[in-house]
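In the working numbering, the protein residues as written are 133 to 264.
Cβ atoms here follow ideal geometry from the backbone N, Cα and C, with glycine treated the same way.
Here the structure is laid out as structure tokens; the discussion comes afterwards.
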Amino acid sequence: MIFLDANFIIDLFVDTEDNHKKAVKIYEKIKDKELIISNSIIMEVMTVLNIKLKVSKKLLEKAYTMLNSGKFGIVEDINLYDNTNERMINYLPRRLPFFDCLYIELMEQLGIEKIATFDKHFKNIKGIVLIK
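Below, the structure is given as structure tokens:
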């Protein structure tokens, strides 16, 4: 199993993003593996595409459809919020975003060791291997 981080998915969809070509290359290598996202990934991706990147209506629809197409296993993560908050606090003084702590918690709970991401926060996290 491989967890897909929001920034990886965004770079995969948006050809003007810095890591788009890298994301496409990585996706070609992993597309036949069991790929996992969570409901929070969907919310994060759609929010960034819509608000920060202001992509077209067509791309918003395409992204939402693909995320919910069955290509990816979608995990409900709301039940992990309490553990995530505790994890985030325990990382202090190192500060990690709540979403990143949530994905680390989810990966640990599901026994997922690999993540497709360009997020530096996942570097040097015990038990996590970044897909390159």
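Which same chain residues, not among the five before or five after Leu-136, have their C-beta less than 6 Å away from its C-beta? Here residue 136 is taken as the residue at index 4 of the sequence shown, counted from 1. Excluding positions up to five away in sequence, the list reads Leu-167, Ile-169, Ala-248.
Where DSSP assigns a beta bridge to Gly-205, which residues make up the other side? Your numbering for residue 205 matches position 73 in the sequence shown. In the DSSP output, where bridge partners are listed per residue, Gly-205 has Ile-168.
Please list the terminal residues of the continuous alpha helix (DSSP H) segment that includes Ile-236. In the sequence shown, residue 236 corresponds to position 104, counting from 1. Counting along the chain, the alpha helix (DSSP H) containing Ile-236 begins and ends at 230-242.
Roughly how far, in whole angstroms, is the beta-carbon of Asn-139 from the beta-carbon of Asp-251, given that I think they are within contact range, below 8 Å? As a first step, residue 139 must be located in the sequence shown, where it is residue number 7. As a first step, residue 251 must be located in the sequence shown, where it is residue number 119. Sure, about 5 Å apart at Cβ, within 8 Å.
So for Val-156, helix, strand or coil by DSSP? Residue numbering aside, residue 156 sits at position 24 when the sequence shown is read from its first letter. Val-156 falls in the helix class under three-state DSSP.
For Leu-136, which residues does DSSP report across the bridge? Here residue 136 corresponds to residue number 4 of the sequence shown, with the count starting at 1. Ala-248.
Taking the alpha helix (DSSP H) that Asp-214 falls in, what are its first and last residues? As a first step, residue 214 must be located in the sequence shown, where it is residue number 82. Run containing Asp-214: 213-222, per the alpha helix (DSSP H) assignment.
Can you grab the Cα-Cα spacing for the pair Lys-161 / Ile-174, in whole Å? Position 29 of the sequence shown, counted from the first residue, corresponds to residue 161. Position 42 of the sequence shown, counted from the first residue, corresponds to residue 174. Pairing Lys-161 with Ile-174, the inter-Cα distance amounts to about 22 Å.
Enumerate in chain order the residues of its own chain whose CB-to-CB distance from Glu-208 is below 8 Å, with the five nearest sequence positions on each side excluded. Here residue 208 corresponds to residue number 76 of the sequence shown, with the count starting at 1. Same-chain partners within the cutoff: Ser-170, Asn-171.
Counting pairs of Cβ atoms below 8 Å between the segment 138-158 and the segment 205-223, do you hit three or more? no
State the DSSP-derived secondary structure class of Leu-185, mapped to helix, strand or coil. Sequence index remark: in the sequence shown, residue 185 carries index 53 (1-based). Coil, per DSSP.
So is Val-177 buried or exposed if we call it buried at 16+ other beta carbons inside 10 Å? Here residue 177 is taken as the residue at index 45 of the sequence shown, counted from 1. Buried, because 16 or more other Cβ atoms sit within 10 Å of the Cβ of Val-177.
DSSP three-state label for Val-177, please. As a working mapping, residue 177 is identified with position 45 in the sequence shown. Correct three-state label for Val-177: helix.
Ser-188: which of Asp-232, Ile-210, Lys-258, Phe-145 sits nearest, CA to CA? Position 56 of the sequence shown, counted from the start, is the residue given in the question as residue 188. Comparing Cα positions, the closest option is Phe-145.
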